[in-house]
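Before any comments, here is the structure.
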Amino acid sequence: MLVNDEVLTSKEVMAYLRISKPTLYRMIRVGDLRAVKIGKNYRFLKKDVERLLRAESESVNTRGE
Numbered sequence: 001m002l003v004n005d006e007v008l009t010s011k012e013v014m015a016y017l018r019i020s021k022p023t024l025y026r027m028i029r030v031g032d033l034r035a036v037k038i039g040k041n042y043r044f045l046k047k048d049v050e051r052l053l054r055a056e057s058e059s060v061n062t063r064g065e
């Protein structure tokens, strides 16, 4: 993690992706979303969240064609 990377909290990621807490934790557990646990809290790099969104968007686009 670099100093310039924007870091998001679990609440921010849930709002950004419009997902529930159980869905977020499942995504972490199965490896769909990288996270760092600091104490009891998870932190996420914004670029990883955006990468996930792009991958999901591309997956939907290729299935729809």
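Using the numbering used here, you'd call the opening residue of the sequence shown number 1 and step up by one each time. Even for Gly, the Cβ is constructed at its ideal location relative to N, Cα and C.
**Request:** Assuming V7 and L45 form a contact by the criterion Cβ under 8 angstroms, report the distance between their Cβ atoms to the nearest whole angstrom.
**Result:** 6 angstroms
**Asked** Taking buried to mean at least 16 other C-beta atoms within 10 Å of its own C-beta, is V13 buried or exposed?
**Response** buried
**Range of the contiguous alpha helix (DSSP H) that encloses I28** = K21 to V30
**Asked** Which residues mark the beginning and the end of the beta strand (DSSP E) in which L33 is found?
**Response** Counting along the chain, L33 falls outside any beta strand (DSSP E), and DSSP gives it neither H nor E.
**Request:** Could you check what DSSP says for R18 in three-state terms: helix, strand or coil?
**Result:** coil
**Request:** With a threshold of 16 other CB atoms inside 10 Å of the CB of A35, please say whether the residue is buried or exposed.
**Result:** buried
**Prompt:** Which stretch, first to last residue, makes up the beta strand (DSSP E) that contains N41?
**Reply:** N41 to L45
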